[in-house]
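Beneath this line is the structure, given in structure tokens, with notes to follow.
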Amino acid sequence: MPASAGAQSMKSALGAALSRPAPAQAPAAAVRALDFARDPAVTAREREAFVAHIAGQPGGEAMAPAIRSGKLMGEFDRLLRRYGYSPQNLGDVLAAYLVICWEIVNEADSNDEPAGQRAVRRQLAGALASVPSIAKLSDAQKQAQAERTAYLTMVAGSAYQELKRGGQRERIAELQRAVRADLLKSGVDLRTLDLTSGGLIER
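Following this line, the structure appears as structure tokens:
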């Protein structure tokens, strides 16, 4: 999980969110609290920061043009809309991150459970908006966190798909371990969760 304001509070919120099935509807006030308006200046700053972050990593240089052109973020936005999410909502972006990481760790396809995709956003909205350190974030802060998360999601997802196409089992296992370990820091063990019509639920 990308570093964020109130990491311990975020961990607690995720634990609470994933401890029960999604409500029938996300609280409207919670969804509004996580919405943000995009500022091109923030996008430009986060884009260059991420290019610098991956510069020394395998494949990092090759990905830079897709990041700088906006292509990668455009693909992420389209993915979220297919899930029924908003790319300008921090909760929805984090939900997409969890869903994609769940796919990687479990070698599963969330498209087999579209109701589950929609449910994860409902699981997260109320729990995240109830965290004071998240609720008080400015639009720029929510946008920065969301765009960092978007890039990490797309890089991990793209790497997974490429490794699958190449049948590179050892490297897939390495990626799975890395993704699982990252979420474990936030108290989420994706290996123990199923995607159901109620969202990500303990097996």
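What the sequence shown shows, in the working numbering, is residues 980 to 1182, in sequence order.
The beta-carbon is built from N, C-alpha and C at its ideal position, and this holds for glycine as well.
Predicted, not measured: the structure shown is a model, and the values here were computed from it.
Query raised in the report: Terminal residues of the continuous beta strand (DSSP E) containing Leu1174?
Result: For the purposes of this step, residue 1174 is taken as the residue at position 195 of the sequence shown. Taken as a continuous stretch (DSSP letters only), the beta strand (DSSP E) holding Leu1174 covers Leu1172 to Thr1175.
**Report entry** Pick from Asp1168, Ile1180 and Val1134 that is closest to Gly1038, judged by C-alpha positions
**Finding:** Position 59 of the sequence shown, counting from 1, holds the residue named residue 1038. Out of Asp1168, Ile1180 and Val1134, Val1134 has the C-alpha closest to the C-alpha of Gly1038.
**Report entry** C-alpha distance - Ala1114 paired with Ala1001, whole-angstrom precision
**Finding:** What you label residue 1114 is simply residue 135 of the sequence shown in a count that begins at 1. What you label residue 1001 is simply residue 22 of the sequence shown in a count that begins at 1. Rounded to the nearest angstrom, the two C-alpha atoms are 20 angstroms apart.
**Report entry** Residue from Asp1071, Asp1118 and Glu1082 with nearest C-alpha to Leu1103
**Finding:** For this step, residue 1103 is matched to residue 124 along the sequence shown. Among Asp1071, Asp1118 and Glu1082, the Cα nearest to that of Leu1103 belongs to Asp1071.
Report task. Compute the Euclidean distance between the alpha carbons of Tyr1130 and Gln1096, then round it to the nearest angstrom. Result -> Along the sequence shown, one-based indexing puts residue 1130 at 151. Along the sequence shown, one-based indexing puts residue 1096 at 117. Going from the Cα of Tyr1130 to the Cα of Gln1096 covers about 19 angstroms.
Requested in this report: Closer than 7 angstroms by C-beta to Arg1047: which residues in its own chain qualify, once you throw out the five before and the five after it? Chain order, please.
Outcome: Taking the first residue of the sequence shown as 1, we reach residue 1047 at position 68. So the list reads Arg1026 and Val1030, once near-sequence residues are dropped.
**Report entry** Cα-Cα separation, Asp1056 to Glu1149
**Finding:** By 1-based counting over the sequence shown, the position of residue 1056 is 77. By 1-based counting over the sequence shown, the position of residue 1149 is 170. Their Cα atoms are separated by approximately 30 angstroms.
Query raised in the report: Do Val1167 and Leu997 have their C-beta atoms closer together than 8 angstroms?
Result: Translated into the one-based positions of the sequence shown, residue 1167 becomes position 188. Translated into the one-based positions of the sequence shown, residue 997 becomes position 18. For Val1167 and Leu997, yes; Cβs fall inside 8 angstroms.
**Report entry** Asp1018 (DSSP reduced to helix, strand or coil)
**Finding:** Within the sequence shown, the letter at position 39 stands for residue 1018. When secondary structure is reduced to three states using DSSP, Asp1018 falls in the coil class, being assigned neither helix nor strand.
Report task. Evaluate Asn1090 with the Cβ neighbour count: other Cβ atoms within 10 Å of its Cβ, from every protein chain shown; 16 or more gives buried, anything less gives exposed. Result -> Position 111 of the sequence shown, counted from the first residue, corresponds to residue 1090. Per the 10 Å Cβ criterion, exposed.
Report task. Determine which residues share a DSSP beta bridge with Gly1049 and list them. Result -> Taking the sequence shown and counting its residues from 1, one reaches residue 1049 at position 70. DSSP output for Gly1049 lists no bridge partner at all.
Report task. Count the other C-beta atoms from every protein chain shown that fall within 10 angstroms of the C-beta of Glu1153, then say buried if there are 16 or more, exposed otherwise. Result -> As a position in the sequence shown, residue 1153 is number 174, starting the count at 1. Residue environment: Glu1153 is assigned as exposed (fewer than 16 neighbouring CB atoms within 10 Å of its CB, all protein chains considered).
**Report entry** Three-way DSSP call (helix, strand, coil) for Leu1198 in this model
**Finding:** The chain is shown from 980 up to 1182; residue 1198 falls before or after that span and cannot be answered.
Query - Arg1101 classed as buried or exposed, judged by whether at least 16 other C-beta atoms fall within 10 angstroms - result: Translated into positions along the sequence shown, residue 1101 becomes position 122. The residue in question, Arg1101, is buried, as its Cβ has 16 or more Cβ neighbours within 10 Å.
Query raised in the report: What are the boundary residues of the alpha helix (DSSP H) that Gln1155 is part of?
Result: One-based indexing of the sequence shown puts residue 1155 at position 176. Here the alpha helix (DSSP H) through Gln1155 covers Arg1148 to Leu1163.
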